[in-house]
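Structure first, then comments.
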Amino acid sequence: MTTTVPRPDSVRSPLASLRKRAVRLAELVTTPLLPVDYLDLFDPLRSGAALRGRIEAVLHETRDAASIVIRPGRDWLPHRPGQYVRIGIDIDGVRQWRAYSITSVLDRPDGCFSITVKAIPDGKVSNHLVHRVTPGTIVQLDQATGEFCLPERAPEKALFVTAGSGITPVMGILRNHAAQLTDTVLVHSAPTADDVVFGEELRQMAAEGRIRLIEQHTDSAGMLDARSIAELVPDLHERATWACGPLGMLEALEEHWASAGIADRLYTERFRPRILVTGEGGTVSFTKNGTTVEADGATPILDAAEEAGVLMPSGCRMGICFGCVLPLREGAVRDLRNGEITTAAPGDGVLIQTCVSAAAGACTVDH
Amino acid sequence: MTVIQKKIDDNPIAHLSAEDIELIGKELDTIRQEIRDSLGEDDAAYIRTVIDVQRKLELGSRAVLLASMFPPAWFVGTVGLSLAKILENMEIGHNILHGQWDWMRDPKIHSTTWEWDMASPAAQWKHSHNELHHTYTNVIGKDNDLGYGIMRVDEDQKWHPLYLAQPLWNFVNACFFEYGIAAYDLELGKNLATKKRRQNPEFRAATKQVLKKIRNQATKDYVLHPALSGPSFVPTLAANFTANVVRNLWSHSVIMCGHFPEGVQTFEKASIEGETRGEWYLRQMLGSANISGSKAMHILTGNLSHQVEHHLFPDLPSNRYAEIAPRVQDIFDRYGLTYHSAPLYKQVASAWHKVIRLSLPNDWMAETKPSNLPSQLGKLWKMTTGGPKVRRAMQARPAAA
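Those sequence lines, one after another, are chains A and B.
Under UniProt numbering, the residue at position 139 of the first sequence is numbered 139, and the numbers go up by one with no gaps.
Under UniProt numbering, the residue at position 173 of the second sequence is numbered 173, and the numbers go up by one with no gaps.
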């Protein structure tokens, strides 16, 4: 019935308008809900649904890392190796969003992809994914994104410098670009040999001569600095380098590459958002309004904003009516009623009650 | 009943010191915090299950109604759809719009994104309900939920013969409750009164939204769904109308039970100036009444059967009210306050009794016995047909002298 042959506009537009009318009719039948609200009950992964995925398997890689195999919804677009995906998962009933690198090969026969997660101390989402999540769980997804990828023409010589879970985007690249990467060095640091995520597979790749693997076990041998990397990889200047790991490591590498005048040959990927400094009060910026307000830690954002002349939605002013709720895009606020801190990383839109929330550091509010 | 401030002999809070009231507030704050801290996966699963069941029940019932020309199908479909509509308004819509589930951070189940099967658009209802009714609970002149501005709800309101019709009004309002609520959220009485108010662009925009909402709802229930039923057009239309009326009668009854049974207190406007958090809590405690019953009954009332707990903690998830109730009742007991709770039929009867009592001049019902019925009717006739002067004179006579 459907056809993929492009048709002239005159033929397509009645079809399009028919489709539009059918959608409108379906909306009239389901009002005040939308047709998707009913379709989601039966097939949350169908085409046209908000992008979601179903966890199919949890494969333990090390004692604190696991690969999560996810069957994405039908609108999922193929990723580029090295990219990450944002995942929203309900933990203790609360939806939490985090980003993880995709580590699987493209075009898996089962249509799934996998992310690899290392549990970090006190990491709510990472610990949940590694230790508690069960197959069958539905997660929210965004399309894959990120620029930590090989260029269209892969370099003749490549160097990857990784530490800890920093191996994950690189594994995505190594697994998918075996043919293009003919001269590859991987310098990877982990506390012990057992802590190396994908250790066996990497050693296998090295044994087959696909990569040169330099493992640094930091518990016994200490950390590598940029100088020792240069000593281990004498032709470092001829290589395009991708680095992923803790902030300190990346900064040291960037410094070294810059001083050697080859900063343009180093690509880095930061994993964790900057640690938020939460304190008493802070600067509140309103994105649409353009106003910036200095608010102390005891004044509700609502009051501070109104004092500065911002027209705010408001209601009961005591935290019960939710008439004042606005999305917090970035920053931290403290619930004045119980001291609870709510934080948002860039891209979030955590809804906060401005009448009972005070700034706890700089924040950006969508309004 | 009269506002609590004018009660001298039987003031239910005379024995409480300011310190007591603040202690009550602290205890309630503690309960609130404990529940908030313990919210988790089970709670999230609860609301998702209720939503899932409701949607499937609605779809199933509407499917059955496609064959509603067969009486059993009509009956099953109408019962199912009525239940689905009740669940949608009470346990789901009302509570989500209160922000009870905002903590889940699920944009699909959030007070700022939810819309419901109700004539009043969510945004307008949230203003009049969450901001006005829940903030100014039972404050005469501020909380229009008391009689919705069309009824006499207190002895202190002057009696007028028009009020004789208030039981009838109340019944009509119950049948078409969702439209009553929409009119009330628009403050129709006030806003239609003067030309200036009628032409206020804000009012006009709000009216337009309500009309659009009503048109959409009506198109669905009274045109599209019947049309899809083909030869069952008329039975399906009748079924949908019945389901809407059943839902309206049910929600009206539940809501009337919340603040209208005998013994529930009302408050003066001046009394809430500079009210502390403890005093606000106390007002909620005295101004609400519960309905006792089975778990199914609680769910179908949207847990408004726990009206006391709901008014104390309007943003705590409704599935937790049952667990909070014994602790709240314990506070009532320890501080010598009356926790009003009774089965549904008793609360409904009590509320209707009050509607009827207040439709008549003060004390008329209490004074009337079979023996003096003729003279009492004569008195009522005189007050109804006489002018304000007659009424004043007759009301001024001491009741029991």
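For every residue, glycine included, the Cβ atom is placed at its ideal position computed from N, Cα and C.
All values reported here derive from a predicted model rather than from experimental measurement.
Exposure label - residue i; buried when at least 16 CB within 10 Å
i               : result
F75 of chain B  : exposed
G339 of chain A : exposed
W381 of chain B : exposed
R274 of chain A : The predicted model places R274 of chain A with a pLDDT of 41, which falls under 50 and marks its position as unreliable, so this point remains unresolved.
P78 of chain A  : exposed
P361 of chain B : buried
S17 of chain B  : exposed
G347 of chain A : exposed
Y345 of chain B : exposed
P72 of chain B  : exposed
V234 of chain B : exposed
I341 of chain A : exposed
L28 of chain B  : buried
8 Å Cβ cutoff, residue i in contact with chain A
i               : result
G40 of chain B  : yes
G99 of chain B  : yes
M104 of chain B : yes
R320 of chain B : no
E115 of chain B : yes
N216 of chain B : yes
S120 of chain B : no
R55 of chain B  : yes
E155 of chain B : no
H15 of chain B  : no
A401 of chain B : For A401 of chain B, the predicted model reports a pLDDT of 36, less than 50, meaning its position is unreliable; a value from the coordinates is still stated below. Cβ-Cβ to chain A under 8 Å: no for A401 of chain B.
According to DSSP, residues forming a beta bridge with residue i
i               : result
Y84 of chain A  : A:S101, A:T145
Y267 of chain A : A:W242
E215 of chain A : A:H188
N290 of chain B : B:S341
D183 of chain A : A:K157
Rounded separation between residue i and residue j - CA only
i                      : j               : result
R210 of chain A        : H367 of chain A : 53 Å
C257 of chain B        : G287 of chain B : 11 Å
I55 of chain A         : G281 of chain A : 40 Å
L66 of chain B         : K212 of chain B : 26 Å
A44 of chain B         : R95 of chain A  : 10 Å
E294 of chain A        : A304 of chain A : 8 Å
V139 of chain A        : A260 of chain A : 44 Å
residue 409 of chain A : D264 of chain A : Given that chain A is displayed from residue 1 to residue 367, the structure contains no residue 409 of chain A and the question cannot be resolved.
M383 of chain B        : P161 of chain B : 8 Å
M223 of chain A        : M205 of chain A : 24 Å
I91 of chain A         : S114 of chain A : 20 Å
G361 of chain A        : E306 of chain A : 19 Å
A93 of chain B         : L83 of chain B  : Inspection of the sequence shows that residue 93 of chain B is occupied by Gly rather than by Ala. Each residue's Cα considered, the two are about 14 Å apart.
F241 of chain B        : N144 of chain B : 28 Å
Q209 of chain B        : N95 of chain B  : 22 Å
W169 of chain B        : G189 of chain B : 15 Å
P44 of chain A         : R62 of chain B  : 22 Å
W242 of chain A        : V170 of chain A : 8 Å
T266 of chain B        : V328 of chain B : 20 Å
K20 of chain A         : A227 of chain B : 20 Å
8 Å Cβ cutoff, residue i in contact with chain B
i                      : result
R329 of chain A        : no
F322 of chain A        : yes
L351 of chain A        : yes
Y38 of chain A         : yes
residue 375 of chain A : This structure does not reach residue 375 of chain A, given that chain A is present from 1 up to 367, and the question cannot be answered.
P44 of chain A         : no
N338 of chain A        : yes
T299 of chain A        : no
P32 of chain A         : yes
V117 of chain A        : no
Beta-carbon proximity check, residue i vs residue j, cutoff 8 Å
i                      : j               : result
H127 of chain B        : P314 of chain B : no
H298 of chain B        : A322 of chain B : yes
V264 of chain B        : A289 of chain B : yes
V325 of chain A        : T112 of chain B : yes
F177 of chain B        : H252 of chain B : yes
residue 402 of chain B : R32 of chain B  : Missing from the structure shown is residue 402 of chain B; chain B here goes from 1 to 401 and no further.
A22 of chain A         : V36 of chain A  : no
G323 of chain A        : N130 of chain B : yes
V284 of chain A        : R175 of chain A : no
Y100 of chain A        : A144 of chain A : no
G297 of chain A        : R270 of chain A : no
A332 of chain A        : G245 of chain A : no
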